[in-house]
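To keep things clear, I will list the structure first and then write my remarks on it.
Chains as they are written, first to last, in my numbering: chain A, 5 to 341; chain B, 7 to 352.
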């Protein structure tokens, strides 16, 4: 087990370096000029300024040299400086990562919980109204674009009804809690700032719901299918024949097995969430990595684009590792080696 | 009419012994997929009973309705209509609410199934599964007591290193071991009837004998009434007092094991014995010709007639009833008529 994990972790840097190379090629191959955002459109005709900017950001070198520098800096743990914020990319990501993690983790927990619940209900009421209802809810979430759903809910629940708070992580001009984890909900809880906790939750609930909704469909359909399969299995019949309560048969016997494939799906769902967080953060003005990524791509901010992509890749690798470990712990038949 | 009425009292249950489980004229029909589909009649009027300490073997090929009858006893059919009567200890089970059936399952009548590889939950330890079976009927049992009893049960079914095995997951045990664990689960709540549905089919021949021996031991020691569902006549010979032969959802022959093996009455029973390679006879095994009838297209008369070497045109008129034939009862008009006339002649 330990050796397996060590091997998995050892391969990660290689995979990330591969990702970095790909990002370099793709971003340089994209048509567009990063100088527009560096010096401004007006100064593009001024050769002195352009030459100075090119030199300042190393864009005057040949591509192979740029690539070499990029990779060497990367190996030193330096992601470079963002063209647009003029701050180290690592610094930017460090500041913005908690917002994204708070959002995606909340969405993952919410989406999996609701998905599992709907899946179980659908399986227990197979082909009846509840089953069809659960299917509709899931389908709606997977088929409606997250940005559209986000704007719709924002309009309805915030503007019209005022049930939740609007965009951003906190109300305007409210001081965030002192950073411990960077999660406003957790930090305000740790500091005992209850009204701040409530406010952070009311800001979080809408974007998290929009993001989670897309996951609900996948998770609930998978749980429904695998639970139905487990419920028709022999050991369930044995458990019933032993006189176990149906509730025990479903909860302890069947669901444990039915959730095994869900572990894998949840890992994939996390990747989906990270991708969609880009859109949702934009709609909800959420100051996370997603909205940073949008700006970086729009302005062809090479270092920032590379940083965001590597972060996404790392998140994906770690999630898969965690899901593999979780699977081993949940299923005694599987040994990692 | 599809019902086979028992015109003679079913033989066997040793004189005076009150049967603990009585299956009376049970019909099981698997519901059709859509409206207007009459469904599939899997069991058509089966009557059987067992007394404490007695072993009844139910024999027949796949699809003959053996397992369907047994599942009906415990009300475990999901999508089937069950008619007739099942009395356990004088109480009617058919039509009883789920809450009543649940108290009987496991505690009154326990059932074990064919495939020990899939009968245990793969992600729970053996000890945990034994404890769950106990807690289903003894909710007040403490963890320690359940664990202690689990060890005792595993020892009872001759599993070595019982204490250590409690921590094992099913995949760490062999097929024979798993079947022993399942038997331990089945007797955990001291049931009075044990239904073993093909308990040895999925096991190696040497292990089969051990499992059959274990079941026989439990029957003697605990006074269990044992119903052994099997298609293996070799198992029947050593382990049962009485045998009921099923074909196409009905009992076609029913009587003491010795009498059946000495001289089977029904042509199907004769055919089954003819298929066996026997050390005490010279004859080569002879297969039964033809194929089992589809329960969707049953002939109007005797359902074995299309394959029967003794069939006469009159066999297609109406289904035969069980009539006495020697020490057994047989549902074959040709055989019982011949016996009757030979008695008249003598």
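Positions of the beta carbon are idealized from the N, C-alpha and C atoms, including for glycine.
A:59 is the residue among A:112, A:59 and A:81 whose C-alpha sits nearest the C-alpha of residue 87 (chain A).
Listed in chain order, the non-local C-beta contacts of residue 73 (chain B) below 7 Å within the same chain comprise 203 and 235, local neighbours out to five positions each way being set aside. Where residue 31 (chain B) is concerned, the enclosing beta strand (DSSP E) starts and stops at 25-36. For residue 185 (chain A), no CB of chain B lies under 9 Å from its own CB, so it is not counted at the interface with that chain. Look at residue 337 (chain A) here: in three-state DSSP terms it is coil, with no helix or strand label. Per DSSP, the unbroken beta strand (DSSP E) holding residue 329 (chain B) starts and ends at 329-331. Taking a beta-carbon distance threshold of 9 Å, residue 5 (chain A) does not count as an interface residue toward chain B. Taking C-beta separations shorter than 6 Å and ignoring five residues to either side along the sequence, the partners of residue 47 (chain A) in its chain run 53, following chain order.
Fully contained in the region 90-149 of chain B are the following beta strand (DSSP E) runs of length 3 or more, in chain order: 115-118. Contact between the region 209-223 of chain B and the region 133-140 of chain B is not established, with fewer than three Cβ pairs separated by less than 8 Å.
Under the three-state reduction of DSSP, residue 339 (chain B) is assigned to helix. Given a length threshold of 3 residues, the region 59-98 of chain A has no whole run of the beta strand (DSSP E) inside it. For residue 219 (chain B), the three-state secondary structure derived from DSSP is helix. Annotation: the continuous beta strand (DSSP E) that includes residue 203 (chain B) extends over 199-203. Residues of chain B whose Cβ lies closer than 9 Å to the Cβ of residue 248 (chain A) are, in chain order, 108, 111, 112, 138, 139, 141 and 142.
When Cβ-Cβ separations below 9 Å define contact, residue 148 (chain B) makes no contact with chain A.
From the beta-carbon of residue 121 (chain B), the residues of chain A found nearer than 7 Å are 238.
When the five nearest sequence neighbours on each side are left out, the beta carbons in the same chain lying within less than 6 Å of the beta carbon of residue 235 (chain A) are those of 258, in order along the chain.
Distance between residue 278 (chain B) and residue 229 (chain A), taken at the CA atoms: about 42 Å.
Judged by DSSP secondary structure, residue 55 (chain B) falls within the beta strand (DSSP E) whose first and last residues are 46-57.
Under DSSP, residue 233 (chain B) shares a beta bridge with B:62 and B:201. With a 10 Å radius around the Cβ and a threshold of 16 neighbouring Cβ atoms, residue 306 (chain A) comes out buried.
For residue 252 (chain B), the secondary structure class from DSSP, reduced to helix, strand or coil, is strand. Chain B places no beta carbon closer than 9 Å to that of residue 332 (chain A), leaving this residue out of the contacts. Shown in chain order are the members of the region 250-263 of chain A whose Cβ falls below 9 Å from a Cβ of chain B: 250, 252, 256, 257, 258, 260 and 261. Pairing residue 60 (chain B) with residue 231 (chain B) gives a Cβ-Cβ distance under 9 Å. By the neighbour-count criterion, in which 16 or more other beta carbons inside 10 Å mark a residue as buried, residue 172 (chain B) falls on the buried side.
Residue 125 (chain B) reaches chain A at 238, 239 and 242, counting residues in chain order whose Cβ is nearer than 7 Å. Per DSSP, the beta bridge partners of residue 334 (chain B) are B:331. Taking the Cα of residue 50 (chain B) as reference, the smallest distance to any Cα among B:36, B:43, B:41 and B:189 is reached at B:36. For residue 253 (chain A) and residue 245 (chain A), the gap between their C-alpha atoms comes out near 11 Å. Setting aside the 5 residues that flank it on each side, residue 135 (chain A) is surrounded in the same chain by 126 and 129, each with a C-beta closer than 7 Å to its C-beta; the list follows chain order. By the beta-carbon neighbour count (other beta carbons within 10 angstroms, threshold 16), residue 227 (chain B) is exposed. The beta carbon of residue 115 (chain A) sits closer than 6 Å to those of 216, 219 and 220, all from its chain and outside the five residues before and after it, given in chain order. Of all residues in the region 64-75 of chain B, none places a beta-carbon less than 8 Å from a beta-carbon of chain A.
Ranking A:20, A:151 and A:180 by CA distance to the CA of residue 315 (chain A) puts A:20 first.
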